[in-house]
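So the sequences go chain by chain: A and B. Heads up: the first sequence at position 30 corresponds to 30 in this note's numbering, and the numbers run straight through without jumps. Heads up: the second sequence at position 413 corresponds to 413 in this note's numbering, and the numbers run straight through without jumps. Ideal Cβ positions, reconstructed from N, Cα and C, are used throughout, including at glycine. Note that the coordinates shown come from a computational prediction; the quantities given were computed from them, not determined experimentally. Take a look at the structure set out below.
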Amino acid sequence: MSESTIQIALVLPDLLGTYGDFGNAVVLEKRMAWRGIKAEIVPINYGEPVPDSCDIYVVGGGEDTAQTLAVKHLREHPGLQRAVTKNAVVLGVCAGIQIFGESFTRADNITHPGMGLIDSTSHAGGSRAIGEVLAEPANGLFEGVLTGFENHQGRTVLGPSAQPLAHVKVGTGNDGSVEGAVQGRIVCTYLHGPVLPRNPQLADMLIEWATGTKVAPLDLPAVTAMRAERVKAAS
Amino acid sequence: MRGPGRQGTGPAHRFELSFGLLLASAHTRKSDVDSDSAAATTTGVVAHQEGRWCHAGSIAGVNDSPARLPLRTAAAVKLGNLSSTLSQKMGLGAGGMIGGRVALKLDPQALNRLTQGRKVAVVTGTNGKTTSTMMLARAVAALGEVATNHSGANMPDGHVTALSKQPDAPFAVLECDEGYFPAVAGASHPAVAVILNLSRDQLDRVGEVRTIERSLRDAISALQNCTIVANCDDVMVTSAAWNASKVIWVATGTGWHHDSASCPRCGNPIRWQGEHWHCTGCDLARPHPNWITADEAMITPEHQKLELRLTLPGKFNQANAVMASAAAHAMGVPTEEAVARLRGVSNVSGRYRTIQRNGRSARLLLSKNPAGWSETLTVVKEANHPAVLVINAQEADGRDLSWLWDVPFERLQGRTVIASGERATDLAVRLTYAEVEHTIVPDPLKAIDQMPPGAVEVIANYTAFRDLNARAAADE
């Protein structure tokens, strides 16, 4: 696989790009490029068909109407769902965790069908969860604490087929206890920041899943310093 | 003014002096004591001084009140002005908000009463509020005295402060935070409301763009006898102003479309064809503009082309100028006179000014959100000057810096760049992935000093700019 170019699908950045989550695709691309792995970002805009041939799919956060529109589009053009059956790696952030599930219920009590990719349901919580989050990765998925910034009203309940991504130490995450979801090669999280610039270990885990090879550590002093600052600020 | 570079007083609208402390401060008149020690010592006297002072002071305030205000408002205004003066003298703040805050506490109807009998224009939007307000105030001054809130004190307490200081001005031009627009427009019965643009900004504090659009839409629909001046190149603004009984549409040519892929009214995709756009699901579409921004010039409703020849740089300031001209026209100012007046605006609360420091000429630019940064990076594009980028993430800036990834910093590749501010490391990570070589110097003045002698561009976000501007002014 390392012979060919790793394609990173940036899914509906025009609808689901409210919180800088475009940065997740940039981080994946650069961390591969700097290690000599060819990678490119493939933006898939609203109205365009969704290819099933990409290696990694990155889905960001969006506002309510945009999220509804996005799930409608992704159900009408089920390239992402087909890619999952072919073992593609998927990162879903914020809106991502909600639309990948079985259903999500808004504050107006209307339940929308999700994409059924992960065993979860989401509903509107009482108050908006806003602020820095720290969480311990579950099942030793990757090294180091998970850091990010959350800003969401949804709460998510995982079913037996989905595992949490991490256990919350500071902040709210899915429900105040666990944060995110992992099912097969789909990783979901409520965390912005964006999440991959904040958590290079998670980025490298996704890269290793996509390339099938171990990658060498990358020494980026700015990233190390920023992580230390954010962890200290949240603690 | 007290010592320069004072830290820790916080942004003006987070001014956390309690009302009780303020009254006690007023009584003890520690205006010539250093503010830090004054704050510490007056805290102790709050409890036993507050009651006595209120009793005696409330009578004194009424005697020489402006005749047309009810006693309660007059007293509130008087006390508020005193608080502003004290705030300034004590070096606690610029006094732009605190007086209004006191007056509003004493008389919640102060804004309504203070705007009675005046012709009011309210200016709101995500970017360009302060500049457009200053331009419009300059233009309306052709008709008479104008009360206006400067330096971004753009919430009701700032409005009350500004109106209180000029009780006899027949005109008012008020810059208004978009979140406060419904309350302010409702209370101040504006003749003109200017809606500049709406884009993502401080999502953790302000909320999402569509929520703001919805609240503006409702507020505008409820306004009577108000002319809305709205930017028809902005889908969100157009939707907000769509149902207004009287709208003047201005084509600004501004380019941030990242928050309007889907219609704010029905959710269907918005299609763009050149400058035209329409919703594919409902009748929302770009209205025919009455005023047009056209490359350093504008075209009036009478099809007259007027050169702008602004002192301020950038396309977005041309847009601000045309919006201000259209609004001035709606207020009754002849267009040529309006343009001649707003042309002179060169320094908007320190923005765009150049400071001289150890052989460096540093131009100070304020940018608060992705749309603003995107425009500013275009302004600094022509000359390849070194750039100091200053980022804070205090409450007034928004605590979440995710938006740094929506800014096309890649455009700075090959330039000498220093990452600065309280969150310089977050910026450094963004620059690293943008492959922009940089160093980190958290203190922006030190960062300027480390640049090669000559021209330097300094771009800072809200509190970073405010603090830098104050320190630079103190050094001059």
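query: Cutoff 8 Å: residue 64 of chain B Cβ touching any chain A Cβ; result: Low confidence applies here, because residue 64 of chain B scores a pLDDT of 36, under 50, leaving its location unreliable and the question unanswered by this model.
query: The segment 306 to 326 of chain B touching the segment 226 to 242 of chain B, judged by at least three CB pairs closer than 8 Å; result: yes
query: Neighbourhood of residue 67 of chain A by C-beta distance below 6 Å, restricted to the same chain and skipping five residues each side; result: 95
query: Member of A/125, A/19 and A/12 whose CA lies at the smallest distance from the CA of residue 208 of chain B; result: A/19
query: Boundaries (first-last residue) of the beta strand (DSSP E) holding residue 118 of chain B; result: It is not in any beta strand (DSSP E) - residue 118 of chain B carries neither H nor E in the DSSP assignment.
query: DSSP three-state assignment for residue 138 of chain B, whether helix, strand or coil; result: helix
query: Under 8 Å by beta carbon: chain A residues contacting residue 258 of chain B; result: 14 and 17
query: Sequence-distant residues of the same chain with beta carbon closer than 7 Å to residue 61 of chain B, five excluded per side; result: Any reading at residue 61 of chain B must be qualified, since the residue scores a pLDDT of 30, below 50, and its modelled position is unreliable; the value itself is stated next. Counting only Cβ-Cβ distances below 7 Å, and skipping sequence neighbours, we find 75, 78 and 79.
query: C-alpha gap between residue 447 of chain B and residue 379 of chain B, whole angstroms; result: 21 Å
query: Contact list for the segment 21 to 32 of chain A against chain B, Cβ threshold 8 Å; result: 21, 22, 23, 26, 27 and 30
query: Residue 222 of chain A: contacting residues in chain B (beta-carbon distance under 7 Å); result: 425, 428, 429 and 432
query: Beta-carbon contacts of residue 365 of chain B that lie in its chain and below 6 Å, excluding the five residues immediately before and after; result: 376 and 459
query: Beta-carbon contacts of residue 456 of chain B that lie in its chain and below 8 Å, excluding the five residues immediately before and after; result: 360, 361, 362, 363, 385, 386, 387, 388 and 448
query: Residue of B/423, B/242 and B/136 minimising C-alpha distance to residue 227 of chain A; result: B/423
query: Chain A contact residues for residue 444 of chain B, given Cβ-Cβ distances below 9 Å; result: Per Cβ cutoff of 9 Å: no residues; residue 444 of chain B is ~18 Å from chain A at best.
query: At least three beta-carbon pairs within less than 8 Å, the segment 176 to 194 of chain A to the segment 85 to 93 of chain A; result: yes
query: 7 Å Cβ cut-off: residues of chain E touching residue 229 of chain A; result: Looking for chain E here will not work: the only protein chains present are A and B.
query: Contained alpha helix (DSSP H) runs [length at least 4] in the segment 170 to 222 of chain B, N- to C-terminal order; result: 181 to 188 and 209 to 222
query: Identified DSSP bridge partners for residue 223 of chain A; result: For residue 223 of chain A, which the question treats as bridged, DSSP gives no partner whatsoever.
query: Same chain, Cβ closer than 6 Å to residue 196 of chain A, neighbours up to 5 away in sequence not counted; result: 24, 27 and 203
query: Separation of residue 331 of chain B from residue 479 of chain B, as counted between CA atoms; result: Outside the displayed range of chain B (1 to 476) lies residue 479 of chain B, so it cannot be described from this structure.
query: Euclidean distance between Cα positions of residue 25 of chain B and residue 73 of chain B; result: At residue 25 of chain B, the pLDDT of 34 sits below 50, so the modelled position is not reliable and the matter cannot be decided from this model.
query: Span of the alpha helix (DSSP H), counted from its first residue to its last, around residue 294 of chain B; result: Taken as a continuous stretch (DSSP letters only), residue 294 of chain B belongs to no alpha helix (DSSP H), as it is neither H nor E.
query: Member of B/426, B/199, B/220 and B/277 whose CA lies at the smallest distance from the CA of residue 63 of chain A; result: B/199
query: Beta-bridge partners of residue 374 of chain B, as assigned by DSSP; result: Note: residue 374 of chain B sits in no beta bridge, so no partner.
query: 7 Å Cβ cut-off: residues of chain A touching residue 267 of chain B; result: 65, 68 and 69
query: As assigned by DSSP and simplified to three states, the class of residue 462 of chain B; result: helix
query: Min CB distance residue 151 of chain A to chain B below 8 Å; result: yes
query: C-beta neighbour in chain B for residue 225 of chain A, strict 8 Å; result: yes
query: Which of helix, strand or coil DSSP assigns to residue 447 of chain B; result: helix
query: Complete beta strand (DSSP E) runs within the segment 333 to 363 of chain B (minimum length 3 residues, chain order); result: 354 to 357
query: Proximal residues, the segment 165 to 197 of chain A versus chain B, C-beta separation under 9 Å; result: 192, 193, 194 and 197
query: Within 8 Å of chain A by C-beta, residues of the segment 291 to 314 of chain B in sequence order; result: none
query: Under 9 Å (Cβ pairs) to chain B, residues found in the segment 35 to 49 of chain A; result: 45, 46 and 47
query: Beta bridge counterpart(s) of residue 278 of chain B as assigned by DSSP; result: B/271 and B/285
query: Residues near residue 187 of chain B in its chain [Cβ-Cβ closer than 6 Å; skip 5 each side]; result: 111 and 112
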